[in-house]
Amino acid sequence: MRRLLSALVVVLAVLTGGRQLQGCASAEEALAEPEAERALVLVSVDGFRWDYLDRAPEGGALQWIAGGVRAERLVPVFPSKTFPNHYSLVTGLHPESHGIVGNTMRDPSRLEDGEPARFSLSNRQALVDGRWWGGEPIWVTAETQGVPTATVFWPGSEAEIGGVRPTTWLPYDGDMAYRDRVETALDWLDAGAGLATLYFEGVDTAGHRFGPDAPEVDRAIAEVDAALAALVEGLREIGRLDDTDLVVVSDHGMTPVSRDRVVVLDGAVDYDAVDVDWGEVVGLWPDETVDVDALVARVSALPHLTAMRKADVPARLHYSASDRIPPVVVLVDPGWTATSQGYLDRNPSRPSGGAHGFDPASSDMGALFIARGPRFREGVTTGPIHAVDVYGILAAALALDPAPTEGDPEAVERVLR
Ligand code: AMP
Ligand code: ZN
Ligand code: ZN
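FYI, in my numbering the residues of the sequence shown are 2 to 418.
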């Protein structure tokens with residue numbers, strides 16, 4: 002194998018105290034034979050809103066891939082956040098079923114030192130803890146059916162799920178250059194991986210910082226486009242372009258937020274008795290002294306907010322059946338921010354830029370689904386595809402026997418040959 006892989010083995014060995022060295026050494030052997038006769042690369046462009054495709058460079062890789070199958074838009078799961086959506090894309094399950102109900106979570110059914118176990122994007126211990134991750138991600142389906150997999154980042158790929166990890170994987174590193182991510186995936190495909198994932202965060206980052214309409218977002222789109230062009234070119238060089246399907250998705254869109262569109266909760270919520278998960282979806286965890294119906298009524302009386310007990314969340318959002326979902330869920334109108342006066346005082350220029358997490362049915366939360374390759378139809382634009390449909394599409398393209406999903410089986414026929 003190439004220099005890069007050897008370097009990565011060393012890096013991984015350092016990062017994980019040597020544990021992964023064995024994994025990677027055997028991975029090299031596992032990847033060496035037999036060479037998969039078909040492959041699929043699943044790419045996520047975080048925060049790529051469905052209509053950004055019109056802003057992709059003319060004649061570039063995104064437009065070329067969209068010349069295969071292009072869904073009008075991909076409808077995310079609720080909440081339209083990174084971790085719930087990435088994990089729905091690869092499991093075909095809604096968050097209430099796979100357990101990743103937010104980027105930040107607490108699990109009252111599992112105590113650690115007497116407190117509910119906590120999950121967040123920056124908590125590495127939680128990220129690698131399989132107890133958070135339910136369902137069966139596509140790499141587990143593939144591995145258990147003899148197809149080696151390689152992930153250059155994907156939420157969940159660092160945990161052992163059902164006793165299985167990708168043959169090769171990397172701990173998330175937002176500083177890794179796009180070209181190195183692509184080279185790594187190519188190396189692993191060259192060595193026989195049948196499924197590889199790639200992840201790019203720059204479009205989401207620019208959308209948050211500058212808002213979805215900013216020129217910085219166009220630049221971030223162009224950077225992803227260049228990385229995808231390198232991927233296509235690299236596949237051609239290793240002779241795998243003709244048998245590899247490319248599926249490019251995103252997890253959610255982006256909408257502008259502003260200091261002109263804020264709702265302050267202070268008058269409706271007693272913060273001493275109610276623990277608040279702040280965000281585009283607000284979660285309320287009232288203690289036993291709180292009259293919950295009165296709390297729901299007070300918050301719902303505020304403009305641009307709808308509060309409800311989790312059992313009353315509309316069925317289309319599939320956001321009721323998990324201990325990790327807060328007892329009271331507050332839906333915020335897209336583009337609005339629910340917050341506290343203290344936050345506004347401490348952050349005089351916030352909120353600004355862009356945000357997501359809102360109702361998946363809103364146009365600005367719409368995400369991307371494009372695909373091109375031997376198993377996909379060509380020159381086809383389909384109606385909306387839901388995030389939970391993607392697992393079934395991946396499994397069918399890879400000729401795998403899928404685990405049960407909550408996706409629409411007909412989506413497979415709409416996009417595959
Ligand atoms: P969001 O604002 O919900 O779109 O979250 C995007 C952020 O999630 C990225 O900017 C990364 O910092 C973080 N992120 C994405 N993938 C991972 C991962 N596999 N592990 C840890 N953090 C991640
Ligand atoms: Zn995201
Ligand atoms: Zn984001």
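Cβ coordinates follow ideal geometry from the N, Cα and C atoms, glycine included.
- Beta-carbon spacing of Val291, Val283 below 8 Å: For the pair Val291 and Val283, the CB atoms are not nearer than the 8 Å cut-off.
- To the nearest whole angstrom, what separates the beta carbons of Ser98 and Gly358, a pair I think is in contact under 8 Å? Their Cβ separation, rounded to whole angstroms, is 19 Å, which puts Ser98 and Gly358 out of contact at 8 Å.
- Item | Bounding residues of the alpha helix (DSSP H) (the contiguous stretch that carries Ile394) | For Ile394, the uninterrupted alpha helix (DSSP H) segment begins and ends at 391 to 398.
- Roughly how many angstroms separate the alpha carbons of Asp273 and Ser321, rounded to a whole number? Each residue's Cα considered, the two are about 25 Å apart.
- Do the CB positions of Gly100 and Gly135 come within less than 8 Å of each other? Yes; because the gap between Cβ atoms is below 8 Å, this pair is in contact.
- Task: Could you give the DSSP three-state label for Arg132: helix, strand or coil?
- Result: Here Arg132 carries a helix assignment [DSSP, helix/strand/coil].
- Under the three-state reduction of DSSP, which class applies to Ile371: helix, strand or coil? Of the three classes helix, strand and coil, the one that applies to Ile371 here is strand, per DSSP.
- Query: Hey, would you say the C-beta of Gln175 is under 7 Å away from at least one heavy atom of ligand 1?
  - Reply: Strictly speaking, residue 175 in this sequence is Gly, with Gln absent from that position. Relative to the non-hydrogen atoms of ligand 1, the Cβ of Gly175 comes within a distance shorter than 7 Å of at least one.
- Consult DSSP for Thr406 and reduce its assignment to one of helix, strand or coil. Three-state DSSP puts Thr406 in coil, outside helix and strand.
- Query: If you compare alpha carbons, which of Val416, Asp188, Val391 is closest to Thr406?
  - Reply: Residue Val391 is the option with its Cα nearest to Thr406.
- Neighbourhood of Asp219 by C-beta, 6 Å cutoff - its chain only, sequence neighbours within 5 removed: Result list for Asp219: Arg56, in chain order.
- Query: Just how far apart, CA to CA, sit Glu411 and Arg180?
  - Reply: Whole-angstrom Cα-Cα distance: 36 Å.
- Query: How long is the line joining the alpha carbons of Ala151 and Ala178, rounded to whole angstroms?
  - Reply: Roughly 18 Å separates the two Cα atoms.
- Task: Give the range of the alpha helix (DSSP H) segment to which Ser301 is assigned.
- Result: Residues 293 to 301.
- Message: Going by C-alpha to C-alpha distance, which of Gly384, Glu217, Val148 sits closest to Leu399?
- Response: When only C-alpha atoms are compared, the closest one is Val148.
- Query: When the Cα of Leu266 is compared with those of Gly280, Pro257, Met255, which residue comes out closest?
  - Reply: Proximity to Leu266 across Gly280, Pro257, Met255 peaks at Gly280, based on C-alpha coordinates.
- Per DSSP, Gly309 is paired with what? Inspection of the sequence shows that residue 309 is occupied by Met rather than by Gly. Answer is Val330.
- Query: Looking only at its own chain, which residues have a Cβ that is under 8 Å from the Cβ of Leu63, when we skip the five neighbours before and after it?
  - Reply: So the list reads Leu54, Ala57, Ile222, Val225, Asp226, Leu229, Val249, Ile371, once near-sequence residues are dropped.
- Item | As assigned by DSSP and simplified to three states, the class of Trp155 | Here Trp155 carries a coil assignment [DSSP, helix/strand/coil].
- Message: Considering only DSSP beta bridges, list what Glu113 is partnered with.
- Response: When DSSP reads this structure, Glu113 sits in a beta bridge with Glu116.
- Message: Between Pro327, Arg325, Ser323, Gly355, which has its C-alpha nearest Thr338's C-alpha?
- Response: Checking every option, the nearest Cα to that of Thr338 belongs to Gly355.
- Task: Return helix, strand or coil for Thr105, following the three-state DSSP convention.
- Result: In the three-state scheme derived from DSSP, where H, G and I count as helix and E and B as strand, Thr105 is classed as coil.
- Message: Could you compute how far the alpha carbon of Leu369 sits from the alpha carbon of Val70?
- Response: Straight across, the Cα-Cα distance linking Leu369 with Val70 is about 11 Å.
- Message: Rounded to whole angstroms, what is the Cα-Cα separation between Leu417 and Pro349?
- Response: For the pair Leu417 and Pro349, the Cα-to-Cα distance works out to about 50 Å.
- Hey, would you say Ala197 sits closer than 8 Å to Val42, going by beta carbons? In this structure, Val42 lies closer than 8 Å to Ala197 by Cβ.
- Query: Where does Ile239 fall in DSSP's three states?
  - Reply: Three-state DSSP puts Ile239 in coil, outside helix and strand.
- Query: For Leu296, which residues from the same chain have a beta carbon less than 8 Å from its beta carbon, with the 5 sequence-adjacent residues on both sides left out?
  - Reply: Hits under 8 Å: Ala269, Val270, Val275, Leu285, Pro287, Ala308, Val329.
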